[in-house]
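First comes the structure, then the notes that go with it.
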Amino acid sequence: MGVETVKLAKSSEQVQESLKYLLKDIRALEKMLNEGLFETETIRIGAEQEMCLVDKFAKPAPISTELLKALNDEMFTTELARFNLETNLEPLEFRGKCLSEMELNILKQLDKARASIKKFNGEIVLTGVLPTIRKSDLEISNITPLPRYHALCDAISSLRGKEYDLRIQGMDELLMRFDTPLLEACNTGFQVHLQVKPEEFVCRYNFAQAIAGPVLASAVNSPILFGKRLWAETRIALFHQSVDTRQVSDHLRDSSPRVTFGNQWLRDSILEIYKEDIARYRVMLSSNITEDVDQILEDGGIPKLMALQVHNGTVYRWNRPCYGVSNGKPHLRIENRVFPSGPTVMDEIANASFWLGLMNGMDDHYSDITTILDFDDARMNFIAASKLGLDTKFKWVHDKRYSAIDLINEELLPVARHGLEKAGVDKGDITSYLDIIRDRTKEAQTGSYWMVKSYNSLTKDVTREQALTAITNAMIKNQRKGEPVHKWGLAKLDDMEMWQPSSLLVEEFMTTDIFTVQKDDIIELVANLFDWRRIRYIPVEDESKHLVGLISMRMIFRRFNNAIHNNEPLGESVEEVMIKNPITIHPEASILKAIDIMDAQKIGCLPVVKNNRLVGIITEQNYMTITARLLRRLHIENKKPRPK
Numbered sequence: 000m001g002v003e004t005v006k007l008a009k010s011s012e013q014v015q016e017s018l019k020y021l022l023k024d025i026r027a028l029e030k031m032l033n034e035g036l037f038e039t040e041t042i043r044i045g046a047e048q049e050m051c052l053v054d055k056f057a058k059p060a061p062i063s064t065e066l067l068k069a070l071n072d073e074m075f076t077t078e079l080a081r082f083n084l085e086t087n088l089e090p091l092e093f094r095g096k097c098l099s100e101m102e103l104n105i106l107k108q109l110d111k112a113r114a115s116i117k118k119f120n121g122e123i124v125l126t127g128v129l130p131t132i133r134k135s136d137l138e139i140s141n142i143t144p145l146p147r148y149h150a151l152c153d154a155i156s157s158l159r160g161k162e163y164d165l166r167i168q169g170m171d172e173l174l175m176r177f178d179t180p181l182l183e184a185c186n187t188g189f190q191v192h193l194q195v196k197p198e199e200f201v202c203r204y205n206f207a208q209a210i211a212g213p214v215l216a217s218a219v220n221s222p223i224l225f226g227k228r229l230w231a232e233t234r235i236a237l238f239h240q241s242v243d244t245r246q247v248s249d250h251l252r253d254s255s256p257r258v259t260f261g262n263q264w265l266r267d268s269i270l271e272i273y274k275e276d277i278a279r280y281r282v283m284l285s286s287n288i289t290e291d292v293d294q295i296l297e298d299g300g301i302p303k304l305m306a307l308q309v310h311n312g313t314v315y316r317w318n319r320p321c322y323g324v325s326n327g328k329p330h331l332r333i334e335n336r337v338f339p340s341g342p343t344v345m346d347e348i349a350n351a352s353f354w355l356g357l358m359n360g361m362d363d364h365y366s367d368i369t370t371i372l373d374f375d376d377a378r379m380n381f382i383a384a385s386k387l388g389l390d391t392k393f394k395w396v397h398d399k400r401y402s403a404i405d406l407i408n409e410e411l412l413p414v415a416r417h418g419l420e421k422a423g424v425d426k427g428d429i430t431s432y433l434d435i436i437r438d439r440t441k442e443a444q445t446g447s448y449w450m451v452k453s454y455n456s457l458t459k460d461v462t463r464e465q466a467l468t469a470i471t472n473a474m475i476k477n478q479r480k481g482e483p484v485h486k487w488g489l490a491k492l493d494d495m496e497m498w499q500p501s502s503l504l505v506e507e508f509m510t511t512d513i514f515t516v517q518k519d520d521i522i523e524l525v526a527n528l529f530d531w532r533r534i535r536y537i538p539v540e541d542e543s544k545h546l547v548g549l550i551s552m553r554m555i556f557r558r559f560n561n562a563i564h565n566n567e568p569l570g571e572s573v574e575e576v577m578i579k580n581p582i583t584i585h586p587e588a589s590i591l592k593a594i595d596i597m598d599a600q601k602i603g604c605l606p607v608v609k610n611n612r613l614v615g616i617i618t619e620q621n622y623m624t625i626t627a628r629l630l631r632r633l634h635i636e637n638k639k640p641r642p643k
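Read in order, the letters of the sequence shown are residues 0 to 643 in numbering that gives the first Met the number 0.
Put into structure tokens, the structure is as follows:
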């Protein structure tokens, strides 16, 4: 749907014209495949980041058109609704530090969006479904005012009718009727792209289908819609129903929805998918296509296959085949549409790393997935994971049964690690991101679990609307902080007001010249650092500068004292004595917030963390600087002449 010139195919003549171009594109694609014209030397990855726009009350803000003008960045683009936005990422070669580079690229784009949306007193949120969205937000007036979006809505309505019933049952049950397909705009996702060699496409695509359920189970982040606790990844059911063009009949005739997992394993080539989609799904949209693909190929050029692109954009496979042209060479990609947006960018890259590693490593561990895993089991695994997240029981290869946690940690994470190593991805990146998947599953705290647990706790004391507002604001705060979701504390009552830093910020007072150790370092080194540098607290980092612990001088003194007087072992490594998952704060938080945390928790140190990376530290010593500044300000205020 990125094509600007699409329109509703109203007449039979328009449908026939589109089909002619579509069939020419299929023949041209087949010719290019047979002649080996596709790029195979370099494998790239890419991503699309969708986001929700909210106002100061954490409700949807329909300002995407105005925000795009303020951003003035061609990498940002519209979505179906005016309260959503998307940023596209430059493709990266699948090697080296591509994962951490992708994370930094997304963070830069989000920082731009946050800076621009401040002018509108708004914020951005990364979430599969915005908790505070209301039925009134889905009025047709909130559709992005571009012809292609109106054409899509008109096409769905013409095939389906004017009424849209939504039925989803989870912990609660949702039964609602809508008069617009804008319901689809409740979804925001994080799409990951992997370039695939033509000869490997069948194998890779089948792997993508097989792992869809397990990778989603640990990534779920969309449990609440209109105040109802539904599926762990409600996005799946919501998207499926919102653009379903089928009508109920009295007969048992099979009919495939336009949002589909698929019907069987792929056998021959990417052409098999495109041909099935043409056979099953009626042309909805047409475009002013003028390219003569046969002549372009005869002249040695590469066609864009515009008719195929338009039709492919109206069939929503969770693993979507993609054709593209870059630097004059065609390529094939698999687009993973399974992942929701959020909870943080770091969580998203961890999800992408898990998927990419599996995609590149499965063939070394499973010969032909189609002979050892039934397709219907792969499809049911996907639906079950959408409903239950990490509580899913999977049917895996050779008819083995696994819990989600066991399948991920025991079977799939080693395969993903191998796949990333085989691609030449940086070892620090591999460890950092896959450890997030491991720890998230170990703690059993996905974004969905955090949201539902926060909701259950809050609604004991406040209304449903207040709870949803508090959850959304807590998400904004935690996403700015950047720590992965398994480290989040539950949303609290004081999150009901929009979180904004005061005029005194942590970053103004934090110490940035800090000395750190790693968890495998010896305790004797820590003791010497305390002595040499005259410091009282030392953060513990991993190789990628992620905070993993904290050690205080008091802890080391106590350890030495017990070793001397009680003949207890001193211990060898930092990991044996450090505080794991210490309380942290964001550099843009209020300094008063930092003081309140330290006072309430009776602690003398707060590591300052942004995007899960240590950027500074606040201790009692910093209070002296704060106090001095406040006293000087008070002195200046007192010296000012008072108005008569």
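No residue lacks a Cβ here, since even glycine has one placed at the ideal position from N, Cα and C.
{"Check": "Spatial neighbours of leucine 106 in its chain, beta-carbon cut-off 7 angstroms, leaving aside the 5 residues before and after", "Outcome": "Val344, Asn610"}
{"Check": "Straight-line Cα distance separating threonine 369 from tyrosine 454", "Outcome": "41 angstroms"}
{"Check": "Selected residue, minimal CA-CA separation from aspartate 398, among Phe338, Lys134, Ile371, Ile295", "Outcome": "Ile371"}
{"Check": "Pairwise C-alpha distance: aspartate 346 and aspartate 375", "Outcome": "29 angstroms"}
{"Check": "Other residues of its chain near tryptophan 487: CB distance less than 7 angstroms, five sequence neighbours each side excluded", "Outcome": "Trp449, Asn477"}
{"Check": "Secondary structure of asparagine 472, DSSP reduced to three states", "Outcome": "helix"}
{"Check": "Per-residue DSSP class, three states only, for lysine 19", "Outcome": "helix"}
{"Check": "DSSP-derived helix/strand/coil call for glutamate 38", "Outcome": "coil"}
{"Check": "Alpha-carbon spacing of glutamate 334 relative to asparagine 205, whole angstroms", "Outcome": "13 angstroms"}
{"Check": "Span separating the alpha-carbon of glutamate 542 from that of isoleucine 167", "Outcome": "44 angstroms"}
{"Check": "C-beta contact flag for glycine 341 and leucine 125 at 8 angstroms", "Outcome": "yes"}
{"Check": "Cut-off 7 angstroms between Cβ atoms - residues of its own chain near leucine 387, not counting five sequence neighbours on either side", "Outcome": "Ala231"}
{"Check": "4 or more residues per run - each alpha helix (DSSP H) lying fully within the stretch 413 to 450", "Outcome": "426 to 442"}
{"Check": "Test item: CB-CB of alanine 218 and proline 339 under 8 angstroms", "Outcome": "yes"}
{"Check": "Nearest neighbour of alanine 377, chosen from Pro146, Tyr365, Ser385, Lys394 [CA to CA]", "Outcome": "Lys394"}
{"Check": "Residue ranges of each alpha helix (DSSP H) within the stretch 163 to 219, 4 or longer", "Outcome": "200 to 216"}
{"Check": "DSSP state of glutamate 138 mapped onto helix, strand, coil", "Outcome": "coil"}
{"Check": "Every unbroken alpha helix (DSSP H) within the stretch 552 to 633, with a cutoff of 4 residues, ordered by chain", "Outcome": "552 to 564, 590 to 600"}
{"Check": "Contact under 8 angstroms by Cβ, leucine 224 with leucine 237", "Outcome": "yes"}
{"Check": "Own chain, CB closer than 6 angstroms to cysteine 672, minus 5 neighbours either side, in chain order", "Outcome": "Limits of the chain in this structure are 0 at one end and 643 at the other, which puts residue 672 out of reach."}
{"Check": "Neighbourhood of lysine 117 by C-beta, 6 angstroms cutoff - its chain only, sequence neighbours within 5 removed", "Outcome": "none"}
{"Check": "Span of the beta strand (DSSP E) around asparagine 335", "Outcome": "328 to 335"}
{"Check": "Own chain, CB closer than 7 angstroms to proline 581, minus 5 neighbours either side, in chain order", "Outcome": "Gly548, Leu549, Pro606"}
{"Check": "Backbone secondary structure at glutamate 523 - three-state DSSP", "Outcome": "helix"}
{"Check": "Within 8 angstroms, strictly: CB atoms of valine 608 and threonine 583", "Outcome": "yes"}
{"Check": "Chain-order list of residues whose beta-carbon lies under 7 angstroms from that of leucine 18 (same chain, five-residue window excluded)", "Outcome": "Val282"}
{"Check": "Best match in Leu181, His149, Asp373, Leu182 for proximity to glutamine 263 [C-alpha to C-alpha]", "Outcome": "Asp373"}
{"Check": "First through last residue of the alpha helix (DSSP H) which encompasses asparagine 311", "Outcome": "305 to 311"}
{"Check": "Backbone CA spacing between arginine 479 and aspartate 494 [nearest angstrom]", "Outcome": "14 angstroms"}
{"Check": "The stretch 413 to 421 touching the stretch 460 to 468, judged by at least three CB pairs closer than 8 angstroms", "Outcome": "no"}
{"Check": "Opposing strand residues paired with leucine 549 [DSSP bridges]", "Outcome": "Pro538, Ile578"}
{"Check": "Cβ-Cβ separation, threonine 77 to leucine 145 (assumed contact under 8 angstroms), whole Å", "Outcome": "6 angstroms"}
{"Check": "Pairwise C-alpha distance: histidine 585 and valine 247", "Outcome": "Note that valine 247 has pLDDT 48, beneath the 50 cutoff, so the model's placement of it is unreliable and the number below is only indicative. Going by the C-alpha atoms only, they are around 52 angstroms apart."}
{"Check": "For threonine 233, three-class secondary structure by DSSP", "Outcome": "helix"}
{"Check": "Alpha helix (DSSP H) runs contained entirely in the stretch 30 to 94, provided each spans 4 or more residues", "Outcome": "63 to 70"}
{"Check": "Through-space distance from leucine 98 to phenylalanine 75, alpha-carbon basis", "Outcome": "21 angstroms"}
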